[in-house]
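Just so you know, the protein sequences line up as chains A, B and C, in that order. Positions 1002 to 1292 (our numbering) are the ones given, in order, by the first sequence. Positions -10 to 388 (our numbering) are the ones given, in order, by the second sequence. Positions 1398 to 1733 (our numbering) are the ones given, in order, by the third sequence. All remarks here apply to the structure that follows.
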Amino acid sequence: MEVFLQTLVAGILKGGLYGLIGIGMTMIMGVMGIINLAHGQLMMVGMYVTFVCFHYMGIDPYIALFISMPALFLLGMVLQKYLLNPLMEVESILPENQVLMTVGIGMVLTEIARFIFSSDYKSVQTSYSSSSFFVGDISFSVALTIAFFIAVAFTVFMFWFLIKTDLGRSIRATAQDKDAALLMGVNSKRITIITFGIGSALVAAAGTLLMPIYYLFPDIGGPFTRKAFVITILGGLGSTVGAIFGGVTLGLAEAFGATYIGMAFDDMIGLLIFILVLLFLPGGFKRLTKI
Amino acid sequence: MKKVSKILCVFAALFFLFTIAATPVIAENIKVGVVLPLTGKLAKFGEIENKSFLMAVKEINAAGGINGKKIDLIIEDTTGKPDVGRSAIEKLISQDKVIVVGGGYSSSVTWASVAVAQQHKIPFLVNTGSADRITEQGWNYIFRLNPPVSEYPKGFASFLQNVAKDVKTVAILHENSLFGQSGSKKFAKQCKSLGINVMMKEGYEAGAIDFKPLLVKVKAKNPDLVYMISYIMDAAMLIRQSKELDMNAKLFVGGAAGFTLPEFQKNVGAGSDYVFSATLWVPSAPYPGAQAYYDKFVAKYKTPTEYHGAEAYAAMYVIADALKRAKSLTPEAVREALAKTDMMTAFGPVKFVSYGKKTQQNSLPTFLVQWQKAKLETVWPENVSTAKYVYPVPKWNER
Amino acid sequence: MKKHSPILALAILIIFPMVVKSHYHQHLMILFLMWVVIGSGWNVIAGFTGQVSFGDAAFFGTGAYTAGLFATKLGLSAWWGMVFGGVAAMAIAFPFGWICFRLRGAYFALATLALNEIFRHAATIWESLTDGMVGILIMQTFVSKIPYYYIALGLAVISVLTVQIVMGSKWGYYFVSIREDQDAAESLGIHTHFYKMISLNIAAFLTGMAGALFMNYMGFIDPEVVFSLHDISIMAILVGIVGGVGTVYGPVVGAFIMVGVHEFFRTGFFGVFEGIASITGIEFLNVVDKYVGHAHVLGFGILVVLVILLLPNGVVGDWDKLVGSLIPIKKKGAMV
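Take a look at the structure:
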């Protein structure tokens, strides 16, 4: 029984973090239809920012959130404005050019990180990095638990933002029908830039929260991008609440897969779920809820 | 189609231009090739070996080189991928015309590369790639300085037989790489022959965030020994999360690679204490030049080194020694000279012998080290130990 | 001239190994030819039919492992894989297509990506079949590269011809109509699912054969190498896009550029800096060479970004634009 409960807890906590990674991507994909294959690399940049804050300025990762998020917000906006928006204007046979552009961006970000920081593994050791508290026999990682609650908080915030604020509504309008939104006076170019910025900031937050319990090296981005897709598809494009549910689902699937089938399979489980959802629940969880 | 032919002509011209632009050759120098991962995931170790090779060749050339001739070390980056590794060694052999190759870091890259060397009949002294099969093919141009992965736990096995006699059960965790998959299989076999019951043996994809599902299974089985074959970051995560789960065992042992680096201790902090690891070399090893190599490296590069670096350093000296003894500076003669090697290096004695299925393999003892108070102490065999072992290890909440 | 230029290029390629004896350059050309095959395959399903697949490595790896397993499990020559590799890949194409073709656009791409990864994991975990990460090692049949070169050249010619023939046929029109507007095509009575499958099978067959060639030529494969998302699938897409999607010769140019540029950066501009440094003795150039060598992937990535930004239809597609910007004086009439 302990094995089951521990796995359950591990899956849910990890899922919160996953959800945070997914929110950024679901917004980008939902609003602009861009498959951002550089998502993991953006997270990596956020993590390096956190690392620099910690090692050179002694700033705790939770405080560094306030630095990494704005930094990545700006980076995201710049990338969208100068590299991705121009592509949307050009007549090309395949619209998938922007996906490849994100591949190129991801490569460049990774290599720049390698250039500056070398391939060495970096980590941030805080007092709470390895600490856990016990509820009965079940261990809860302190850092992951805090991350979980912060992820939920962000989700709630984004939910409110998208429904109640003007900017949020403009974003949703652009996601629903770009041309109609344009006709309504929404500056869709500006919206795409801001959305990419928000998406990047959110994934940077995920990275910052992950730093104390994981480690960092330039190639870390790839697997996270893939997980982000699974979560996005699970939750439904553009759905912030869906992202959290998608994240937790993935976390649980990986945890239970690892425990009961074998840890070598945990990636596969995620991928299989991905395919199944694509086939049988094409809208993701969003279909079952309203947003 | 006109424009296509124009394009092709332009590119063809550029290409031929580069084809003809040859790298100027400095005659009279002996060319030695080295294949290492200088970029990519394995770059950290590639860099340590690179620096060691360079340090060694500088010393050798300064001391008069090979009968007056200098060694020209040509180092190619394999980027840690087997197909790039093959391109790299192909280039060394066919374009740079090296007469001997050294290096060979990752098992899969090395495995892919030795076949090329054997086919082209260029001697290749492997100094790190550890999969057993590399020297089990009967390839007479391939030599290996370092022990194969199946022998990594030799020192540890002797510890089990002499000290930790009450260890009856083991859980083996390994990463899903060639190194992990083959190493774990070999260790499981050894456990059986030692009468230790392998309760579980499970692989994982390197880079996982959360090992708790895996570890909670181990905890439920409660083995005496937890044996892990991991690279550095997974190693750190495994130990940290074992502590978080309060999972205890009589022994936590690493199968080399990740557990002996300073980063491991830095990452795990106090939790790293009492973790054992098999290792191939320590600065305090009873080989002349071992400690000197360590001190020289640190002084020159301001960063620590470990057994990979020692392997590279020693390999350079073995190659130089063979070159000196070779009847002529041709690959065949160098091969013959290598086969007759019998010398002492900072990494240990080097003599290529055949045993079991293996040919041209150097046979060395291995050591058992243990982290004690954030220092890596050699604890077994006793005659080379720098500190006494702590066994069984105290439980997490008793520290 | 128009009709004869590809023949001219072919002639150059045929005599190439007799003129250039360097193993290293022959090796690069073999890689180039292999990518022509893969790129052409991808072009059929993606460039012409509009289904951008991110999972071509699944076909490549299947072909490679078929060839390898013929050698290790059946004790036959791996060359049988050349025949069956393409077929095995086609077998994979059926479930692949069945799963993925119900999806469109971004979802399709993601599904192919996921399948790619599933194949890679399966090959790693299914040790009893594939030996996992040990990979498959065979001794090459020929020491000299020349036979491999001509086989690769043959494959490349076959792929380009296949694409040319298919695209000139009725099938080709169906493919393009699916790309332009799938629903309209369906409403005109074109069985889009059926033709998408055919298109995918063609792509799979070519890519699978390339995989089998890879196994025979390289002598070593493992799941990370042949099912690699980044090195095979995405490279295939780059070859196609940089060359020019939807053109017959685009993949040829794309393959040349990608292989050439990749190696160019990896060797630090083919050792030009090193060479100049030793001739002139300027130490600084050695430092530059070291940095370029270390940053070779970075240079490659930047190049990719630039090409996509500036030449969205690929080199062949945007050739006029490219030439126009480089030789401004030569413009004869209106800008193109």
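All C-beta atoms, glycine included, are put in the ideal place defined by N, C-alpha and C. Here the structure is a predicted model, which means the values were calculated and not measured.
N-terminal and C-terminal residue of the alpha helix (DSSP H) that residue 1632/C is part of
Numbered from its first residue, the third sequence carries residue 1632/C at position 235. Run containing residue 1632/C: 1632 to 1640, per the alpha helix (DSSP H) assignment.
So is residue 1108/A in contact with chain C if we call contact Cβ pairs under 8 Å?
As a position in the first sequence, residue 1108/A is number 107, starting the count at 1. Answer yes: the Cβ-Cβ gap between residue 1108/A and chain C drops below 8 Å somewhere.
Do you know whose CA, among 1569/C, 1624/C, 1554/C and 1592/C, lies nearest residue 1404/C's CA?
As a working mapping, residue 1404/C is identified with position 7 in the third sequence. Of all alpha-carbon atoms in 1569/C, 1624/C, 1554/C and 1592/C, the one lying nearest the alpha-carbon of residue 1404/C is that of 1554/C.
Just how far apart, CA to CA, sit residue 1502/C and residue 1040/A?
By one-based count along the third sequence, residue 1502/C stands at place 105. By one-based count along the first sequence, residue 1040/A stands at place 39. So the alpha carbons of these two residues sit roughly 19 Å apart.
Determine the chain A residues that contact residue 395/B at a beta-carbon separation under 7 Å, and present them in chain order.
The structure shown does not extend to residue 395/B, since chain B is modelled only from -10 through 388, so no value can be given for it.
Tell me whether the beta-carbon of residue 1074/A lies closer than 8 Å to the beta-carbon of residue 1199/A.
Reading the first sequence from its first residue, position 73 is the one you call residue 1074/A. Reading the first sequence from its first residue, position 198 is the one you call residue 1199/A. Yes, these two residues count as a Cβ contact at 8 Å.
Delimiting residues of the alpha helix (DSSP H) encompassing residue 38/B:
Against the second sequence, residue 38/B aligns to sequence position 49. Per DSSP, the unbroken alpha helix (DSSP H) holding residue 38/B starts and ends at 32 to 51.
Can you grab the Cα-Cα spacing for the pair residue 994/A / residue 1242/A, in whole Å?
Because residue 994/A is not part of the residues shown, which for chain A are 1002 to 1292, the question remains open.
Going along the chain, which residues of its own chain have a beta-carbon closer than 6 Å to the beta-carbon of residue 14/B, five neighbours each way excluded?
In the second sequence, counting from the first residue as 1, residue 14/B sits at position 25. At residue 14/B the pLDDT is 46, less than 50, meaning the model places this residue with poor confidence; the figure from the coordinates comes in the next sentence. Excluding sequence positions up to five before and after residue 14/B, its CB lies less than 6 Å from no other CB in the same chain.
Which residues does DSSP pair with residue 1216/A in a beta bridge?
Along the first sequence, one-based indexing puts residue 1216/A at 215. Residue pairing by DSSP places residue 1216/A in no beta bridge whatsoever.
Own chain, CB closer than 6 Å to residue 1025/A, minus 5 neighbours either side, in chain order:
Looking up residue 1025/A in the first sequence gives position 24. For residue 1025/A, where only same-chain residues beyond five positions count, the Cβ hits under 6 Å are 1200, 1203 and 1204.
Compute the Euclidean distance between the alpha carbons of residue 1103/A and residue 1081/A, then round it to the nearest angstrom.
As a first step, residue 1103/A must be located in the first sequence, where it is residue number 102. As a first step, residue 1081/A must be located in the first sequence, where it is residue number 80. Roughly 10 Å separates the two Cα atoms.
Closest by CA to residue 1652/C, which one among 1640/C, 1644/C, 1624/C and 1660/C?
One-based indexing of the third sequence puts residue 1652/C at position 255. The shortest C-alpha separation from residue 1652/C is found at 1640/C.
So with CB distances below 7 Å, who are the chain C contacts of residue 1086/A?
In the first sequence, residue 1086/A corresponds to position 85, counting from 1. None at all; the shortest Cβ gap to chain C is about 11 Å.
What is the residue span of the alpha helix (DSSP H) that residue 282/B lies within?
Numbered from 1 along the second sequence, position 293 holds the residue referred to as residue 282/B. Start and end: 279 to 290.
Closest residue to residue 1505/C among 1655/C, 1714/C and 1447/C (Cα-Cα distance):
Within the third sequence, residue 1505/C is the residue found at index 108, counting from 1. Considering only 1655/C, 1714/C and 1447/C, the residue with the shortest C-alpha distance to residue 1505/C is 1447/C.
Kindly list, in the order they appear in chain C, the residues whose Cβ is closer than 9 Å to that of residue 104/B.
Along the second sequence, read from residue 1 onward, the residue named residue 104/B stands at position 115. Within chain C, the residues near residue 104/B are 1534, 1535, 1536, 1537, 1616 and 1617.
Environment of residue 295/B [buried if 16+ CB atoms lie within 10 Å]
The sequence position of residue 295/B within the second sequence is 306, counting from 1. Its Cβ being crowded by 16 or more others within 10 Å, residue 295/B is buried.
Are the beta-carbon atoms of residue 985/A and residue 1218/A separated by less than 8 Å?
No answer is possible for residue 985/A: it lies beyond the span of chain A, which begins at 1002 and ends at 1292.
With 16 other Cβ atoms within 10 Å as the buried cut-off, status of residue 120/B:
In the second sequence, the residue the question calls residue 120/B occupies position 131. The residue in question, residue 120/B, is buried, as its Cβ has 16 or more Cβ neighbours within 10 Å.
Consult DSSP for residue 21/B and reduce its assignment to one of helix, strand or coil.
Counting from one through the second sequence, the residue named residue 21/B turns up at place 32. Strand, per DSSP.
Cα-Cα, which of 337/B, 341/B and 336/B is closest to residue 328/B?
Here residue 328/B corresponds to residue number 339 of the second sequence, with the count starting at 1. Among 337/B, 341/B and 336/B, the Cα nearest to that of residue 328/B is on 341/B.
Check the Cβ-Cβ distances between residue 314/B and every residue of chain A, and say whether any is below 8 Å.
Indexing the second sequence from 1 puts residue 314/B at position 325. So no, residue 314/B is outside the interface.
Same chain, Cβ closer than 8 Å to residue 1111/A, neighbours up to 5 away in sequence not counted:
For the purposes of this step, residue 1111/A is taken as residue 110 along the first sequence, with counting starting at 1. The answer, listed in chain order, is 1042, 1045, 1219, 1220 and 1222.
Helix, strand or coil: which one does DSSP assign to residue 1424/C?
Translated into positions along the third sequence, residue 1424/C becomes position 27. Residue 1424/C sits in a helix when the DSSP states are folded into three classes.
Give the range of the alpha helix (DSSP H) segment to which residue 1177/A is assigned.
Residue 1177/A sits at position 176 when you count from the first residue of the first sequence. DSSP places residue 1177/A inside the alpha helix (DSSP H), whose first and last residues are 1167 to 1177.
Can you give, in chain order, each stretch of the alpha helix (DSSP H) that sits fully within the stretch 1061 to 1145 of chain A and has at least 4 residues?
Runs of alpha helix (DSSP H) with 4 or more residues, each lying fully within the stretch 1061 to 1145 of chain A, are found at 1062 to 1080, 1086 to 1090 and 1098 to 1118, listed in chain order.
What does the Cβ neighbour count give for residue 71/B, buried or exposed, with the cut at 16 atoms within 10 Å?
Reading the second sequence from its first residue, position 82 is the one you call residue 71/B. By the neighbour-count rule (16 or more Cβ atoms within 10 Å), residue 71/B is buried.
Measuring CB atoms only, is the stretch 103 to 111 of chain B touching the stretch 1440 to 1460 of chain C, in the sense that at least three cross pairs come out at less than 8 Å?
The answer is no - the stretch 1440 to 1460 of chain C does not touch the stretch 103 to 111 of chain B, with fewer than three Cβ pairs under 8 Å.
Looking at the structure shown, is residue 1498/C part of a helix, part of a strand, or coil, going by DSSP?
Along the third sequence, one-based indexing puts residue 1498/C at 101. In the three-state scheme derived from DSSP, where H, G and I count as helix and E and B as strand, residue 1498/C is classed as coil.
Based on the DSSP secondary-structure assignment, which residues constitute the bridge partners of residue 361/B?
The residue given as residue 361/B occupies position 372 in the second sequence. Partner(s): 364/B.
How close, in whole Å, do the beta carbons of residue 1633/C and residue 1441/C come, if the pair is a contact with beta carbons under 8 Å?
Translated into positions along the third sequence, residue 1633/C becomes position 236. Translated into positions along the third sequence, residue 1441/C becomes position 44. The pair is not a contact, with the Cβ atoms about 11 Å apart (cut-off 8 Å).
Give a yes or no on whether the minimum CB-CB distance between residue 1518/C and chain A is below 8 Å.
Reading the third sequence from its first residue, position 121 is the one you call residue 1518/C. By this cut-off, residue 1518/C is an interface position.
Can a CB atom of chain C be found closer than 8 Å to the CB of residue 1037/A?
Walking along the first sequence from the start, residue 1037/A turns up at place 36. Taking Cβ atoms only, chain C never reaches closer than 8 Å to residue 1037/A, which makes this a no.
Straight-line CA distance for residue 1060/A to residue 1206/A?
For the purposes of this step, residue 1060/A is identified with residue 59 of the first sequence, where counting begins at 1. For the purposes of this step, residue 1206/A is identified with residue 205 of the first sequence, where counting begins at 1. Going by the C-alpha atoms only, they are around 15 Å apart.
Which runs of the alpha helix (DSSP H), 4 residues or longer, sit entirely within the stretch 79 to 150 of chain B?
The qualifying runs are 96 to 109.
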